[in-house]
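See structure below.
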Amino acid sequence: MNYLKSGMITTGIAAILICSGAITETIRTDRSETSAESSRWENQPQELQEKLTKSWSGGIEAIRTSLNELSEKEDITEWKLFYSLEDSLNSFPHQEHSSFIAAYYSNERRTMLENGDVMPALLLHPDHTKAILFWEKHGGTYAIITLELQINANNKSEWDVSHSWITKQPSST
């Protein structure tokens, strides 16, 4: 009888652990699918929200203008906008995280980022093979860095900086 009781208790504990794991995974999935804007910026002062939104909109326009001037045939309307590196990482397989972080914090970014610049944002291509990191510089220009997923010498996926430049502020802003 004691064996039966201990077996039932063990089975009950296992069932509870399995259910709590499923609930935790559901919560984590729901959290990763919520928009970065609502999770990060809704509690910020309205003035800051407006400044960032205006800056990032201007950055997207500067990217469009730059790509047109460079004769790049890239349509960024379907790209997803992220307001933080942490939120964007949920879009990549775990094995790509470290190379994406290294590309994100590249030497190009370090040399272009200055005091007074506005917080960066990231555009991610729908197929998750290209990204554009950008921010408004304190002088009104925009820093733009393109990142691309490539296959390295070991035949593994790796993110790398493909281009970086500073462009003028778009005239429509």
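Our numbering numbers the first residue of the sequence shown as 3 and each following residue consecutively. Each residue gets a CB set at the ideal place from its N, CA and C atoms; glycine is no exception. Keep in mind that this is a model prediction, so the values were computed, not measured.
- Task: Would you kindly check if the distance between the Cβ of His130 and the Cβ of Ser93 is under 7 angstroms?
- Result: It is a contact, given that the beta carbons lie within the stated cut-off.
- Within the same chain, show all residues whose beta-carbon is closer than 6 angstroms to that of Ser164, passing over the 5 residues directly before and after it, in chain order. Within its own chain, the residues whose Cβ lies closer than 6 angstroms to the Cβ of Ser164, once the five positions on either side in sequence are excluded, are Thr148 and Glu150, listed in chain order.
- Item | Expected contact under 8 angstroms - CB spacing of Lys139 and Glu116 to nearest Å | Indeed, because the Cβ distance is near 7 angstroms, the residues count as touching under 8 angstroms.
- Item | Beta-carbon spacing of Glu76, Leu83 below 7 angstroms | No, they are not a contact pair.
- Among Gln51, Gln46, Thr169 and Pro122, nearest to Thr143 - alpha-carbon criterion: Distances from the alpha-carbon of Thr143 to those of Gln51, Gln46, Thr169 and Pro122 put Thr169 closest.
- Message: Between which two residues does the alpha helix (DSSP H) holding Ser90 run?
- Response: Unbroken alpha helix (DSSP H) run through Ser90: Leu87 to Leu91.
- Do the CB positions of Trp58 and Ser101 come within less than 7 angstroms of each other? Their beta carbons are not under 7 angstroms apart, which means Trp58 does not touch Ser101 by this criterion.
- Item | Alpha-carbon spacing of Ile153 relative to Ala104, whole angstroms | Each residue's CA atom was taken as its position, placing Ile153 and Ala104 some 15 angstroms apart.
- Own chain partners of Ser166 with C-beta closer than 6 angstroms, once the 5 adjacent residues on each side are dropped: Setting aside the 5 residues that flank it on each side, Ser166 is surrounded in the same chain by Glu110 and Ile147, each with a C-beta closer than 6 angstroms to its C-beta; the list follows chain order.
- Message: One question on the structure: do Leu135 and Trp81 come within less than 7 angstroms of each other, judged by their Cβ atoms?
- Response: No. Outside cutoff.
- Is Leu135 helix, strand or coil when you go by DSSP? DSSP places Leu135 in the strand class (E or B) of the three-state scheme.
- Query: Under the three-state reduction of DSSP, which class applies to His165: helix, strand or coil?
  - Reply: If DSSP states are grouped into helix, strand and coil, His165 belongs with the strands.
- Message: Taking 8 angstroms as the limit between beta carbons, can you name the residues of its chain near Pro128, skipping five residues before and five after?
- Response: Excluding sequence neighbours, Pro128 sits near Glu80, Trp81 and Lys82.
- Message: Tell me which residue opens and which closes the beta strand (DSSP E) that Glu110 is part of.
- Response: It is not in any beta strand (DSSP E) - Glu110 instead sits in the alpha helix (DSSP H) that spans Asn109 to Met114.
- Query: Taking C-beta to C-beta, are Ala145 and Met114 nearer than 7 angstroms?
  - Reply: It is a contact, given that the beta carbons lie within the stated cut-off.
- Message: Buried or exposed for Pro122, going by 16 or more other Cβ atoms inside 10 Å?
- Response: Of the other Cβ atoms in all chains shown, 16 or more fall within 10 Å of the Cβ of Pro122; this residue is therefore buried.
- Task: Please state whether DSSP places Lys170 in a helix, a strand or coil.
- Result: Shown here, Lys170 sits in coil according to DSSP, grouped into three states, outside any helix or strand.
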